[in-house]
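Below you'll find the structure, written out as structure tokens, and then a few comments.
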Amino acid sequence: ATQYDLQTAQGKGAAVSELAPLIAELGDEIEQQHYIQQLSRLIQIDETTITGRVQAAGKTLRAASRRKQAEQPQHRALGDGADASHQGQSSAMPPSRWRAEGPQDADIPYGLNEDEDAAAPWDHVAPAAPNGSGGATRPAASRVIIGKGALEQEDYLLAILLQEPDLLIWMAGETDTMEIPPLRTDDFERTENQEIFRALKQFITSNEPWELELFQETLTGYLHGRLGALMAYGAQLPQLNNAVQREVEFRAETLKVMLRLRIQQLKNENTQLKYLMQDVVNSQDAESIQSLNASNNHILRERFYLERALVGLSRTVARTEAIKPKIQI
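Anchor point for the sequence shown: position 174 equals 178 in my numbering, and the numbering is continuous, going up by one each time.
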């Protein structure tokens, strides 16, 4: 950062723009925080501001990694398996089809209502559920918020999968047909949900028959409360007239929620790119501007394809909201 005039706002902005991606590449959070503090003292800018830029740079780097992975043929199994091999996959269709079907530069009329991002004004706390067979008591439930925001949507998706674990196998085949990556750990934002989902994938690919108590034993103790909350939430889903009807409804819901989560992630990445674009425009770095424009167009094409897929799913489902819990507190 010594090459910049750190006495001016432009020099400070240029220094942050150059160093934020380097800090974001560090794998250790403590190491990241150390350099954020050092940079904050050097340029006399609040740590929170620099942290935001580092996080934005990290998301841009991950988006670039997904683009590179998308250019290579991938074998789609249950998901991220060992995670590292799939986290870089694109959340949309192959680049050749983006170019053929997606808009290249124009603004895209997005199909999702922005109100879906708002958190729900109510929640539900469910009690612990005893095991009817006389075995271990199911874990006590912690609070699960039920609503339309991204975090609430992922709770809903995971609750369905815990009720019907075989749906995860079905989703793997369906997403392969749709030419999008299967459901993966980084589709979830909550750390607890990520760990439970990772364990669920490992469990259903093992030789063990599905039993909640056996699955609970594979989890770290601090996840038991979260598991109990999600199971209690899933138990509220109405029992449909027959198993076939229930499976059809759940299949549609799992795909739709997964698409909504990925669309929201793309919205967030687009917002972060706007912040980065402000920095590089001020620094007049033509190469960086071109790179960010390319990343932005890529995100727009991904989002266009996913929203088209979501609209297509919605048209094939006769009742979309009928199986969601309607609780009045």
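Just so it is clear, CB atoms sit at the ideal spot from N, CA and C, and this is done for glycine as well. This structure is a prediction, so every number in the text was calculated from the model and none was measured.
Is the beta carbon of residue j closer than 9 angstroms to that of residue i?
{"i": "residue 193", "j": "residue 158", "result": "yes"}
{"i": "residue 230", "j": "residue 183", "result": "no"}
{"i": "residue 281", "j": "residue 300", "result": "yes"}
{"i": "residue 171", "j": "residue 258", "result": "yes"}
{"i": "residue 304", "j": "residue 263", "result": "no"}
{"i": "residue 201", "j": "residue 187", "result": "yes"}
{"i": "residue 283", "j": "residue 62", "result": "no"}
{"i": "residue 260", "j": "residue 307", "result": "no"}
{"i": "residue 254", "j": "residue 167", "result": "yes"}
If you follow the alpha helix (DSSP H) that residue i is part of, which residue opens it and which one closes it?
{"i": "residue 188", "result": "Careful: residue 188 lies outside any alpha helix (DSSP H) and carries neither H nor E."}
{"i": "residue 25", "result": "13 to 28"}
{"i": "residue 44", "result": "33 to 47"}
{"i": "residue 232", "result": "228 to 239"}
{"i": "residue 173", "result": "171 to 181"}
{"i": "residue 218", "result": "216 to 221"}
{"i": "residue 202", "result": "195 to 208"}
Going by beta carbon distance, what residues of the same chain come within less than 7 angstroms of residue i, once the five residues before and after it are set aside?
{"i": "residue 55", "result": "40"}
{"i": "residue 9", "result": "15"}
{"i": "residue 293", "result": "284 and 285"}
To the nearest angstrom, how far is the alpha carbon of residue i from that of residue j?
{"i": "residue 50", "j": "residue 19", "result": "14 angstroms"}
{"i": "residue 290", "j": "residue 21", "result": "14 angstroms"}
{"i": "residue 25", "j": "residue 318", "result": "39 angstroms"}
{"i": "residue 311", "j": "residue 267", "result": "7 angstroms"}
{"i": "residue 3", "j": "residue 44", "result": "Any property of residue 3 remains undetermined from this structure, which presents the chain solely from 5 to 333."}
{"i": "residue 42", "j": "residue 240", "result": "50 angstroms"}
{"i": "residue 277", "j": "residue 57", "result": "10 angstroms"}
{"i": "residue 12", "j": "residue 265", "result": "40 angstroms"}
{"i": "residue 59", "j": "residue 269", "result": "14 angstroms"}
{"i": "residue 130", "j": "residue 48", "result": "Here residue 130 scores only 34 on pLDDT, less than 50, and its place in the model is too uncertain to base an answer on."}
{"i": "residue 35", "j": "residue 66", "result": "19 angstroms"}
In chain order, what residues of the same chain lie with their CB nearer than 8 angstroms to the CB of residue i, ignoring the 5 residues before and after it?
{"i": "residue 169", "result": "204, 207, 208 and 214"}
Could you name the residues of the same chain whose beta carbon sits closer than 6 angstroms to that of residue i, not counting the 5 residues immediately before and after it, in chain order?
{"i": "residue 181", "result": "none"}
{"i": "residue 179", "result": "186"}
{"i": "residue 324", "result": "For residue 324, the pLDDT reaches just 42, beneath the cut-off of 50, and the residue's location in the model is therefore unreliable, leaving the point undetermined."}
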